[in-house]
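>
Residue numbers (my numbering), protein chains in the order written: chain A, 324 to 710; chain B, 83 to 179.
1) Please report whether the beta-carbon of residue 143/B lies at a distance below 8 angstroms from any beta-carbon of chain A.
2) Relative to the C-alpha of residue 659/A, which residue among 378/A, 459/A, 683/A, 362/A is closest?
3) Following the continuous alpha helix (DSSP H) through residue 515/A, name the residue where it begins and the one where it ends.
4) Given residue 680/A, which residues of its chain have a CB within under 7 angstroms of its CB, disregarding the five upstream and five downstream residues?
5) Measuring CA to CA, which of 417/A, 351/A, 440/A is closest to residue 380/A?
6) Measure the CB-CB distance between residue 469/A and residue 476/A and report whether it falls below 8 angstroms.
7) Taking residue 508/A and residue 587/A to be in contact with their CB atoms under 8 angstroms, please state how far apart those CB atoms are, rounded to whole angstroms.
8) Just curious, the beta strand (DSSP E) that residue 392/A is in, first and last residue?
9) Quick check for students: name the residue ranges of the beta strand (DSSP E) that lie wholly in the stretch 349-405 of chain A, counting only runs of 3 or more.
10) So, do the stretch 692-703 of chain A and the stretch 326-346 of chain A have three or more beta carbon pairs nearer to each other than 8 angstroms?
11) Less than 8 angstroms between CB atoms is the rule here; does residue 334/A satisfy it with respect to chain B?
12) At 7 angstroms on the CB atoms, spell out the chain B contacts of residue 372/A, in chain order.
13) Distance, Cα to Cα, residue 483/A vs residue 366/A?
14) In chain B, what lies closer than 8 angstroms to residue 396/A by C-beta?
15) With respect to the alpha helix (DSSP H) encompassing residue 123/B, which residues constitute its N-terminal and C-terminal limits?
16) Evaluate the contact criterion for the stretch 449-458 of chain A versus the stretch 391-401 of chain A: three or more CB pairs, one atom per stretch, below 8 angstroms.
17) Per DSSP, residue 451/A is paired with what?
18) Could you tell me which chain B residues have their CB closer than 9 angstroms to the CB of residue 354/A, listed as they occur along the chain?
19) Along chain B, in chain order, which residues have C-beta atoms closer than 8 angstroms to that of residue 362/A?
20) Can you tell me whether residue 699/A is buried or exposed? The criterion is at least 16 other CB atoms within 10 Å of its CB, across all chains shown.
21) Quick check on the burial criterion: 16 or more other C-beta atoms within 10 angstroms. Buried or exposed for residue 444/A?
22) For the 8 angstroms Cβ check, are there 3 or more pairs between the stretch 514-523 of chain A and the stretch 428-443 of chain A?
23) Just how far apart, CA to CA, sit residue 656/A and residue 663/A?
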């Protein structure tokens, strides 16, 4: 009896995923729109490349996902505070004469974004364009191989994202998780939270494929992963059903993960001590000496451009108070930089509500194994203090 | 403006973008443009990886039959029931369901 109910749960998860995941048709429309944008931009930046990044191409997209684009013009780091803004302003001026562009907005975050909306028939797609933030290309590539490694990864992420959205904890603007952070949490759980490992550490097993030294133009995007010696035993890992993985995920973050002690590191394939990640800038900070503190290698936190948006500009990473607070609650290491993708959770009230949400969801699903009931949840009640 | 006088102050508007090779030696920022046009198009191929690793019906009865039948039909013709980026390792899957 419990087993058959478990089967129903797994199938429900799969069905839900199929209902919402990005269709081929939607991807084709996005690629077409990207080509139109490139045609308009290329006279200004003739050799540039307009990469589709984020959920539209990392395997974790659903049909209502926006399209994140990364305009690459150089292999060197582009100063995001000044030069990227210049580039995006040039593009804004160029696109304003295009009939298919309805409106544009330059968003000044740590990674500045040009947000573009379109005239019909593309009025259902919003584009977030960044300038030369190449880490977005690398982590799109990495996540795509994670999403393709095992068939259960994508449906699990679809449901976790939807649950978090309905719970009101998938919103960086309300100091909770970005979708990118949620994906990393699922991958981390499948790397080291299950009885039999479901996902390997791809950066360790395939160091050359996923090295952050590789020129993004030569990333291998066509070949399947060659077999290597790792500690994944498919015959073991496949014994866990999709439904069990969802319950296990909620259990892991409700009861096993120690938020005070642990940090999530996909790059290392395990939990690490927070203290090891949340290192302060090396330079001594005098009370007024913030300007001398080196920025963490990536103020650009990830492909998920939303990461930067919820954080007002005056929360400079070089401000020691912000530096501490960005590691306060949940620590998720970005796989190619050493920044914390969950830095937007700096509110203790929200953090408490998030932990409570995991506990509730776990006991709910454990007891009833009913996906519909899990998704019929009420949003958390926590007022943010706008720190 | 202040922002406009950083990277591009060496150029009149738009003027610097036409001969990228020359910039290498000229700019005070040592800034040079690189050709990413093909790389960006190549990157779209990740979509094929996603398609090729999407099982069409992991719970269906047909799925449990021979691997011969496990080649699904799809608009692209590229869908496969074998669902792993690690094709060789994950033989005909025996997903417990």
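C-beta atoms are modelled at their ideal positions from N, C-alpha and C, and glycine is treated no differently.
The model shown is predicted, which means the values in this text are computed figures rather than measured ones.
Per the coordinate set shown:
1) Legend: pLDDT at residue 143/B = 44, less than 50; position of this residue unreliable, value from coordinates given subsequently. No, no contact with chain A.
2) 459/A
3) 502-515
4) 490, 492, 703
5) 351/A
6) yes
7) 6 angstroms
8) 390-395
9) 372-376, 390-395
10) yes
11) yes
12) 118, 119, 121, 122
13) 42 angstroms
14) 115, 116, 118
15) 119-125
16) yes
17) 391/A, 438/A
18) 126, 129
19) Those do not exist, as residue 362/A stays about 12 angstroms from chain B at its closest Cβ, beyond 8 angstroms.
20) exposed
21) exposed
22) no
23) 5 angstroms
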